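Residue numbering for the first sequence follows this note's numbering, starting at 5 and increasing by one per position.
Cβ atoms here follow ideal geometry from the backbone N, Cα and C, with glycine treated the same way.
Here the structure is a predicted model, which means the values were calculated and not measured.
Report on the following structure.
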Amino acid sequence: MRLATWNVNSIRARVDRIVGFAVNEDVDVLAMQEIKCKPEQFPLEQFEAAGYHVELHGLNQWNGVAIASREPLEDVQIGFPGMPGFLKGHEGPDAPREARAIAATVGGVRVWSLYVPNGRSLDDPHYVYKLHWLQALEQYTRDTLAADPDLPLALTGDFNICPTPEDVGDPTLVEGVTTHVSPPERAAFQALLDAGLADTVRPLVPTGFTYWDYKQLRFPRNEGLRIDFILGSRAFADAVTAAAIHRDQRKGEAPSDHVPVVVDLDIDAGDDDDRPMIF
DNA sequence: ATGTCAGCACGCTGCTGA
Numbered sequence: 005m006r007l008a009t010w011n012v013n014s015i016r017a018r019v020d021r022i023v024g025f026a027v028n029e030d031v032d033v034l035a036m037q038e039i040k041c042k043p044e045q046f047p048l049e050q051f052e053a054a055g056y057h058v059e060l061h062g063l064n065q066w067n068g069v070a071i072a073s074r075e076p077l078e079d080v081q082i083g084f085p086g087m088p089g090f091l092k093g094h095e096g097p098d099a100p101r102e103a104r105a106i107a108a109t110v111g112g113v114r115v116w117s118l119y120v121p122n123g124r125s126l127d128d129p130h131y132v133y134k135l136h137w138l139q140a141l142e143q144y145t146r147d148t149l150a151a152d153p154d155l156p157l158a159l160t161g162d163f164n165i166c167p168t169p170e171d172v173g174d175p176t177l178v179e180g181v182t183t184h185v186s187p188p189e190r191a192a193f194q195a196l197l198d199a200g201l202a203d204t205v206r207p208l209v210p211t212g213f214t215y216w217d218y219k220q221l222r223f224p225r226n227e228g229l230r231i232d233f234i235l236g237s238r239a240f241a242d243a244v245t246a247a248a249i250h251r252d253q254r255k256g257e258a259p260s261d262h263v264p265v266v267v268d269l270d271i272d273a274g275d276d277d278d279r280p281m282i283f
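Listed below in structure tokens is the structure:
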């Protein structure tokens with residue numbers, strides 16, 4: 005099974021590029037973030053014509069997450085237990101929850117498409133919201149793996165955190181001054197790993213960014229960030245055989261500011277082309 | 001140069017969010 009995650013920054017603005025990538029790269033499951041549309045606005049037909057089922061969660065022009073899959077998507081879940089909401093500076097479990105998390109099971113793998121809140125600035129209510137959101141995600145992960153330690157669980161998406169200094173190529177991001185690199189954010193990311201997840205891409209692709217700001221010639225200067233991840237439980241991580249960051253998807257006409265991150269899994273997703281039959 | 005995008009309100013421009 006080939007699994008990819010991609011913050012597409014509007015599905016409607018670049019659906020041809022996205023479906024084309026999925027087909028050309030033989031992607032079985034594509035988790036998307038920032039689809040920026042409601043369900044009735046999602047270009048379903050183009051995915052279906054290419055052989056994909058789609059499950060999505062979109063409330064308005066902001067955020068929005070989706071999962072496309074060649075095999076049917078089972079046990080679809082919108083948001084995770086404890087996920088905080090946010091509205092006009094009011095944050096908490098009683099505030100409306102934004103469209104930032106969707107999960108489905110494909111080929112026995114529990115896949116989450118996650119769009120972690122940006123945080124905006126260290127003194128903004130969105131920053132506290134981001135940390136609470138990550139804390140709830142950690143708790144969900146701990147509870148889920150405590151109930152089923154052998155579950156192949158993948159948390160994929162845009163985490164809006166640079167876990168290490170090597171993940172920061174944009175000089176405007178400075179520890180103590182901006183989000184994405186602050187010790188509490190990095191601690192929140194580490195807490196996800198401590199909850200039983202591993203970065204499944206870094207061991208196979210040790211360097212490289214997944215995002216470059218549209219402004220300031222960030223891409224030509226290669227002043228990017230690594231903020232998009234595929235985190236996997238032990239059962240998931242053990243099945244990963246290859247990984248890639250598709251830097252070329254930042255090039256050309258109307259790119260997203262993020263590029264796809266891909267892993268190959270030695271788990272049967274219904275394909276019959278790479279698994280010997282033993283009788 | 002706060003230097004680019006996307007979507008929305010409506011709208012031919014200005015706002016919000018990233």
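### Query
Going by beta carbon distance, what residues of the same chain come within less than 8 Å of E78, once the five residues before and after it are set aside?
Closer than 8 Å at Cβ, skipping near neighbours: A108, T109, V110.
### Message
Let's test the definition: count the other Cβ atoms within 10 Å of the Cβ of L66 and tell me whether it reaches 16, buried, or not, exposed.
### Response
Residue identity check: residue 66 is Trp in the sequence provided, not Leu. When all chains shown are included, W66 counts as exposed.
### Task
Can you have a look at R279 and say buried or exposed, based on whether 16 or more other CB atoms are within 10 angstroms of its CB?
Low local confidence applies: a pLDDT of 48 at R279 is under 50, so the model's placement there is unreliable, and no value is given.
### Task
Identify, in the order they occur along the chain, each residue of the same chain with its Cβ nearer than 8 Å to the Cβ of F84, setting aside the five sequence neighbours on each side.
Once the five neighbours on either side are set aside, the close Cβ partners of F84 are A105, A107, W116, A140, L141, Y144.
### Query
V12 by DSSP, collapsed to three states: which one?
Looking at V12 - three-state DSSP - the assignment turns out to be coil, as it is neither helix nor strand.
### Query
Looking only at C-alpha atoms, which of A151, T214, L157 sits nearest to H250?
Comparing alpha carbon positions, the residue from A151, T214, L157 closest to H250 is T214.
### Query
Can you give the Cα-Cα distance for S237 and G200, rounded to whole angstroms?
Roughly 6 Å separates the two Cα atoms.
### Task
Mark K134 as exposed unless 16 or more other C-beta atoms lie within 10 angstroms of its C-beta, in which case mark it buried.
K134 comes out buried.
### Query
Along the chain, which unbroken stretches of the beta strand (DSSP E) at least 3 residues long are found entirely within the segment 42-113?
Every unbroken stretch of the beta strand (DSSP E) spanning 3 or more residues and falling wholly within the segment 42-113 is given here in chain order: 57-61, 69-73, 78-82, 89-91, 94-96, 105-110.
#### Entry: DSSP-derived helix/strand/coil call for F123
A quick correction: the sequence has Gly, not Phe, at residue 123. The three-state secondary structure of G123, taken from DSSP, is coil.
### Task
Have a look at F90, C41, S73 and flag the residue whose alpha-carbon is nearest the alpha-carbon of H61.
It is C41.
### Query
What is the DSSP secondary structure of D270, reduced to helix, strand or coil?
D270: coil per DSSP, three-state reduction.
### Query
In three-state terms, what does DSSP make of I249?
In this structure, I249 counts as strand in the three-state DSSP scheme.
### Message
Only counting the same chain, and skipping five residues up and downstream in sequence, which positions put a Cβ closer than 6 Å to that of D268?
### Response
Around D268: R6, T245, A246.
### Query
beta strand (DSSP E) containing D30: first to last residue?
First-last for D30: undefined, no H or E at that position.
### Task
Output the distance between the C-alpha atoms of P169 and V185, rounded to the nearest integer angstrom.
The straight-line gap from Cα to Cα measures roughly 8 Å.
### Query
Below 9 Å between beta carbons: does that hold for I271 and P156?
Taking 9 Å as the Cβ cut-off, I271 and P156 qualify as a contacting pair.
### Message
Along the chain, where does the alpha helix (DSSP H) containing L197 start, and where does it finish?
### Response
Counting along the chain, the alpha helix (DSSP H) containing L197 begins and ends at 187-198.
### Query
Does DSSP classify G24 as helix, strand or coil?
G24: helix per DSSP, three-state reduction.
### Query
For H130, which three-state DSSP category applies?
Helix, per DSSP.
#### Entry: Cutoff 6 Å; reference A248; Cβ partners in own chain excluding five residues on either side
Cβ neighbours of A248 beyond the five flanking positions: V266.
### Message
Just to confirm my understanding: we take N13, look at its own chain, exclude 5 residues before and 5 after, and list those with CB closer than 8 Å. What are they?
### Response
Hits under 8 Å: E38, K40, S260, D261, H262.
### Task
Locate the beta strand (DSSP E) running through A158, then write down its first and last residues.
A158 -> beta strand (DSSP E) spans 157-162.
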